[in-house]
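What follows is a single structure, written as structure tokens, with notes after it.
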Ligand code: GUN
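In my numbering, the protein residues as written are 1148 to 1440.
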């Protein structure tokens, strides 16, 4: 039996059509568009490409975006000043500091400086703390983990009491998605580089979130039949058959997993477009919150 393919492109497109309508309503009422401000430091081509995609998506739904470009040689002070400027800019309602920051920049004080009202990436320590605490709700949740939760919902996943296994414990995906699954009353196990016997742990999972950054890491015979699998990996591999000479593959070996899983997201076309969509959702929410004060 072949799994249901969770199509992130079509979910993202549907949500972005709705966001565009709501942006129009926002503009009619307020007389200005919601705006995103991005800090991009360093010369990582993948990060620059992500930022271009985020800016384009903003423009497509009628929002503005400004990017503060900084070199890899920028100082801590310069990066923090860029955030402070965006905090003070009334046309900017959401701020995204593209991670990772260049070596030598301490990420923590930079993220702490982002105004809570504009923390559309949800990485301010207060928002992450609220996400982790019972009975508290953060103002914003990080984009990629939120996209994973929306895709689980689209696949009809029952999270209450489910065994969820998260592979990877990064600050950007693994940790926050584990917290979100726990808030949704799943029983959550987080596997990482020091975990013993990951395949046996994955075999218990009703839900698998693969976010470890290793191409084709999770094999089909690790999966419980019917498991719902969300593949967060975007691993660039050489491919002479591709006109670009490379392509992106996920953390899950799709060809074997698709025969065992109940539902599975693809790479590309799964979580990626959802990340951008959740950022747009958060920026619109931030603009309404700021306008309502
Ligand atoms: N780098 C990789 N993914 C992300 C993300 O979702 N947000 C930010 N700020 N940086 C990233």
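The beta carbon of each residue, even a glycine, is placed where N, CA and C say it ideally should be.
Just confirm the distance between the C-beta atoms of residue i and residue j, as a whole number of angstroms; I'd bet it's less than 8 Å.
i	j	result
residue 1367	residue 1400	6 Å
residue 1360	residue 1315	7 Å
residue 1298	residue 1418	7 Å
residue 1353	residue 1331	With a Cβ gap of about 12 Å, residue 1353 and residue 1331 do not count as contacting.
residue 1272	residue 1259	6 Å
residue 1182	residue 1213	7 Å
residue 1313	residue 1358	7 Å
residue 1257	residue 1230	6 Å
residue 1200	residue 1180	Not a contact, Cβ separation roughly 19 Å.
residue 1274	residue 1285	4 Å
residue 1159	residue 1409	No, residue 1159 and residue 1409 are not in contact; Cβ-Cβ is about 22 Å, not under 8 Å.
Note down the Cα distance separating residue i from residue j, rounded to an integer number of angstroms.
i	j	result
residue 1406	residue 1363	15 Å
residue 1433	residue 1235	15 Å
residue 1430	residue 1253	25 Å
residue 1340	residue 1398	14 Å
residue 1327	residue 1425	15 Å
residue 1172	residue 1288	24 Å
residue 1232	residue 1306	41 Å
residue 1294	residue 1223	31 Å
residue 1420	residue 1155	6 Å
residue 1176	residue 1344	56 Å
residue 1246	residue 1194	8 Å
residue 1186	residue 1302	34 Å
residue 1412	residue 1395	14 Å
residue 1178	residue 1268	25 Å
residue 1203	residue 1264	23 Å
residue 1378	residue 1318	17 Å
residue 1334	residue 1380	22 Å
residue 1166	residue 1220	37 Å
residue 1241	residue 1162	19 Å
residue 1329	residue 1390	42 Å
residue 1321	residue 1168	32 Å
residue 1436	residue 1188	28 Å
Does residue i get closer than 9 Å to chain B when you measure Cβ to Cβ?
i	result
residue 1204	Any reference to chain B falls outside this structure, which holds one protein chain only.
With DSSP as the reference, label residue i as helix, strand or coil.
i	result
residue 1291	helix
residue 1361	coil
residue 1236	coil
residue 1320	coil
residue 1267	coil
residue 1326	helix
residue 1337	strand
residue 1252	coil
residue 1195	helix
residue 1151	strand
residue 1246	coil
residue 1158	helix
residue 1349	helix
residue 1094	The requested residue 1094 does not occur in the structure, where the chain is confined to residues 1148 to 1440.
residue 1186	strand
With hydrogens ignored, establish whether the beta-carbon of residue i is closer than 8 Å to any heavy atom of ligand 2.
i	result
residue 1326	Only ligand 1 can be found as ligands here, which leaves ligand 2 out of the picture.
Sequence ranges, beta strand (DSSP E) only - wholly within the segment 1197 to 1231, length at least 3: 1211 to 1217
Length-filtered (3 minimum) beta strand (DSSP E) runs lying within the segment 1363 to 1435: 1375 to 1378, 1382 to 1385, 1393 to 1396 and 1410 to 1412
Ordered list of beta strand (DSSP E) runs contained in the segment 1269 to 1315, each at least 3 residues: Listed in chain order, the complete beta strand (DSSP E) runs (minimum 3 residues) inside the segment 1269 to 1315 are 1310 to 1314.
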